[in-house]
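Numbering-wise (the UniProt record's numbering), the sequence shown opens with residue 1 and increments by one. From the three backbone atoms N, C-alpha and C, an ideal C-beta is built for every residue, glycine too. To start, the structure under review is shown below, and the notes come after it.
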Amino acid sequence: MSLEQYLPVFLFILVGLGVGVLPQVFGYLLGPNRPDPEKNSPYECGFEAFEDARMKFDVRYYLVAILFILFDLEIAFLIPWAVAFADIGVTGFWAGVMFLMILVVGFVYEWKRGALDWE
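Printed below as a string of structure tokens:
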């Protein structure tokens, strides 16, 4: 087994690490460093914290987050369908339409249940 076959993978990893790490290093080295009490404070939102950091979140936050992930992933399944649209034929077309209809029914159901309302 020759290690020359893995050279492109190794180069890809090195370039990826370089693109991710080098801008951060350059920003740290070349950026201004003028700390003051306001910047070093734990809260920069304009007022001090008035509750414990371990407070419970509303369940609706998690519901909206899960619904976003669900619908986002379902839309991501449409990309291969759209790319191969010319090659899938009539059966693939109607399978995609059926998938979209199920997606729309789920969306309307969640909308009617009020899961998308943020009071």
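Grouping DSSP H, G and I as helix and E and B as strand, with all else coil, what is residue i?
i: Lys-56; result: coil
i: Pro-32; result: coil
i: Ala-1; result: Inspection of the sequence shows that residue 1 is occupied by Met rather than by Ala. Three-state DSSP puts Met-1 in coil, outside helix and strand.
i: Asp-72; result: helix
i: Gly-106; result: helix
i: Gly-20; result: helix
i: Asp-117; result: coil
i: Val-12; result: First, the amino acid is wrong: residue 12 is Phe here, not Val. Helix at Phe-12.
i: Phe-77; result: coil
i: Ala-82; result: helix
Within its chain, find whatever has a CB closer than 6 Å to the CB of residue i; leave out the 5 residues flanking it on each side and keep chain order.
i: Gly-96; result: Trp-81
Smallest Cα separation from residue i: which of the options?
i: Trp-118; options: Ala-86, Gly-92, Val-59; result: Val-59
i: Ile-102; options: Pro-35, Ile-69, Ile-75, Ala-115; result: Ile-75
i: Ala-115; options: Leu-22, Asp-72, Val-64; result: Val-64
i: Glu-110; options: Leu-22, Phe-71, Trp-94, Pro-37; result: Phe-71
Ignore the nearest five residues each way along the sequence and tell me which others in residue i's own chain have a CB closer than 8 Å to its CB.
i: Gly-27; result: none
Mind checking whether the beta-carbon of residue i lies closer than 6 Å to any heavy atom of the ligand NAD?
i: Glu-74; result: In the structure on display, the ligand NAD does not appear, and there are no ligands present to speak of.
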